[in-house]
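Participant: Pasting in a structure now, in structure tokens, and then I'll have a few things to ask.
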Amino acid sequence: MKSCSAKLLCLFVIVTGCVVSSCECDEIRERFNILGVFGHLGKSHFDVFLPILEELAHRGHNVTVLSFFPRKDRIPNYRDISLGDSTAIFLNVIDLTKLDHSIFYIVSELKMLHNMAEIACYSALRTTAVKEFLKSDEKFDLILTESFNTDCFLGFVHKFKAPFIGLSSHAIIPWVNNRLNNPDNPSYIPGLFHSVSPSMTFFERVMNTFWIVAEQIAYDLMFTRPMQSLVEETFGPGVPPLQDIANNMTALMVNTHFSLHGARPLSPSVVEIGGVHIRGAKPLPKDLQDFLDSAEHGVLYFSWGSMVRASSMPNETLATIVEALGRLKQKVLWKWENDDLPNKPKNLMTRQWLPQFDVLSHPNVKGFLAHAGLLGLSEAIYVGVPIVAVPMFGDQHGNAKAAEARGAAIILQYEDITVDTLTGALNEILNNPSYRRNARAVSEAYRDRPASALETAVWWAEYVARGKGRPFLRSASANLSWYQYHLLDVIGFLSLAGLAVLFVAVFAVKRLLKALNLPVKKVGITSEANDLTKNETNKKRN
């Protein structure tokens, strides 16, 4: 009896100690004021960052978020400031009849990004909510902001004088990478918008280099400099050049992982958080659950994301896709934004919205017909589902190439879609077990990390806030000019020095030979020709 009482007393002491310790740790943990600034109009981008903001609020930090996507429900420690009318949000806006499939498609995409940036910047920075917020004297320990195409919002960094971390919903974009001077060798690192594999041919390396340099120059001329006047109008005339503010970025969190996009050199200030938006699968609605459960031969999931308006495709292309899908023995679940679909086959179900990750997580889903947007691609890789990728724009070309290089995807260009090509590609990933095997192998590597992507992102946010910016994270290369970074000044100096040494050596040898009264032989074609002429002349005299 005494032994039992002693054990109960020990257990009580241990449990009490753990509770007290937990409370003490909770009290000791610092609470930070964090500002999130997200001015891009694409909701899929914001969906990547939202889990980070919510988790920071859950951990007790005061989180203020400026975006076009205010929450519908309130959560503790999370405050929304709307940047404007939700009608400006880019959903189902990409018209498939207007996509540029030429070799100059990158020019068209930069123009599209420029138009989106102008709409976002001019509409948001002139709203009453922003003007009122700028009048406040709030203090922030950290600013989180998207590093993409809306540098006008960097004015908030100047206003609140806080260290800031850039967030990227995709692989590192050339002009952002340039700000950190992170190694970006175009000989083997594909640019974000480029349809090239890591093992590039000579011509691909030429084009990759050209476009990376051209994009950096174009972004500065089209995006950063023109926004300076709007930023000064909003934040005051003392705002330094936006490029200077951008170059003071403390760190960059990138929605990639080397298991998918390949190994590349990253400085400590660049943190990979690929799949940070992925959470556990939730129960499906009953009609979807029944549809997937009853699929004897499996299911193909079909979605081209939130920005592509699939119904904008020409009737001929639509009929081709519907016929190809109808030939499959598998069931097909298609995110289709209209109520009706002409000539819909019996194996096809359409919905205007679908819980994508929950669907992909179902064991009967055997393939994914996608546009290779990084969110959907990451989700498919996470659960090990092979892909037929039809890249449309932006980073989708590079994402598709990355998945193809892992043996987990087949790429089919939109303009090459026929009944035979689409049916052939789909049957290949659905019936060839190697694609499933490869997708699962990448999935295992993608998920095998020392900490989850969300835990990593939150730790880095708190780490920078605790250290008031952690200036040592920035590489010394970030303070170099472009010609210093690429050693052009050193190469030029050494070349001139080498030529000078060679000139002095030749001059000294000539002077020495002249001092010794030795003939100085001129080397070259002219000298040899002269010697030959002299010999012939001597022969004639003899």
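Throughout the sequence shown, residue numbering follows mature numbering (1 follows the signal peptide of the UniProt record, and there is no 0), covering -25 to -1, 1 to 517 in sequence.
Built from N, CA and C at the ideal position, the CB exists for glycine as well.
All of these numbers come straight from a predicted model, not from anything done at the bench.
1) So what does DSSP say about THR176, is it helix, strand or coil?
2) Let me check understanding here. Comparing Cα to Cα, which of SER281, ASN124, LEU74, ALA416 lies closest to ASP195?
3) Consult DSSP for PHE43 and reduce its assignment to one of helix, strand or coil.
4) By the DSSP assignment, the beta strand (DSSP E) with GLY342 in it spans what residues?
5) What separation, rounded to the nearest whole angstrom, lies between the Cα atoms of residue 538 and LEU263?
6) Please classify PHE177 as buried or exposed, where buried requires at least 16 neighbouring CB atoms within 10 angstroms.
7) How close, in whole Å, do the beta carbons of SER42 and PHE13 come, if the pair is a contact with beta carbons under 8 Å?
8) Using DSSP's beta-bridge definition, name the partner residues of MET324.
9) Let's test the definition: count the other Cβ atoms within 10 Å of the Cβ of ILE248 and tell me whether it reaches 16, buried, or not, exposed.
10) So which of PHE233, SER143, ILE253, THR225 has the shortest CA-CA distance to PRO173?
11) Rounding to the nearest angstrom, what Cα-Cα distance links ASN157 and GLU419 in this structure?
12) At what residues does the alpha helix (DSSP H) containing ASP268 begin and finish?
13) Taking all protein chains shown into account, decide if PRO317 is buried (16 or more other Cβ within 10 angstroms of its Cβ) or exposed.
14) Would you identify the three-state DSSP class for LEU16, choosing helix, strand or coil?
15) The alpha helix (DSSP H) that contains ILE220, what's its start and end?
16) CA-CA distance, ASN90 and GLU271?
17) With a CB to CB cut of under 7 Å and the five nearest residues on each side skipped, what residues in its chain are close to ASN402?
18) Within the same chain, show all residues whose beta-carbon is closer than 6 Å to that of MET324, passing over the 5 residues directly before and after it, in chain order.
19) For the beta strand (DSSP E) containing VAL360, name the first residue and the last one.
20) What does the alpha-carbon distance come out to for the pair CYS128 and PHE277?
21) Check VAL481 in the structure and name its three-state DSSP category.
22) Quick check: HIS145 and HIS372, are their CB atoms within less than 9 Å of each other?
23) Return the chain-ordered list of same chain residues with a C-beta closer than 7 Å to the C-beta of VAL417, the five sequence neighbours on each side being excluded.
24) If you follow the alpha helix (DSSP H) that ILE296 is part of, which residue opens it and which one closes it?
25) First and last residue of the alpha helix (DSSP H) that includes PHE131?
Facilitator: The structure says:
1) Looking at THR176 - three-state DSSP - the assignment turns out to be coil, as it is neither helix nor strand.
2) Nearest option by C-alpha distance: ASN124.
3) Note: PHE43 maps to coil in three-state DSSP.
4) Counting along the chain, the beta strand (DSSP E) containing GLY342 begins and ends at 340 to 345.
5) The structure shown does not extend to residue 538, since the chain spans only -25 to 517, so no value can be given for it.
6) That one is exposed.
7) Indeed they touch by this definition, with Cβ atoms about 4 Å apart.
8) MET324 pairs with LEU308.
9) Around the Cβ of ILE248, a 10 Å sphere holds 16 or more other Cβ atoms; the residue is buried.
10) Comparing Cα-Cα distances from PRO173 to each of PHE233, SER143, ILE253, THR225, the minimum goes to PHE233.
11) Separation of ASN157 and GLU419 (C-alpha to C-alpha, rounded to the nearest whole angstrom) is 28 Å.
12) In the DSSP annotation of this structure, the continuous segment of the alpha helix (DSSP H) that includes ASP268 starts and ends at 261 to 268.
13) Exposed, since its Cβ has fewer than 16 Cβ neighbours within 10 Å.
14) Note: LEU16 maps to coil in three-state DSSP.
15) Element bounds for ILE220: 217 to 221.
16) Going by the C-alpha atoms only, they are around 47 Å apart.
17) Excluding positions up to five away in sequence, the list is empty.
18) Here the set comprises PHE266, LEU308.
19) No beta strand (DSSP E) contains VAL360, which DSSP labels as neither H nor E.
20) Going by the sequence as given, residue 128 is Phe instead of Cys. For PHE128 and PHE277, the distance between alpha carbons rounds to 35 Å.
21) Correct three-state label for VAL481: helix.
22) Result no, Cβ atoms of HIS145 and HIS372 do not sit closer than 9 Å.
23) Excluding positions up to five away in sequence, the list reads SER234, LEU235, ILE356, ARG381, ALA383.
24) Annotation for ILE296: the continuous alpha helix (DSSP H) segment containing it runs 290 to 301.
25) 130 to 135 is the extent of the alpha helix (DSSP H) around PHE131.
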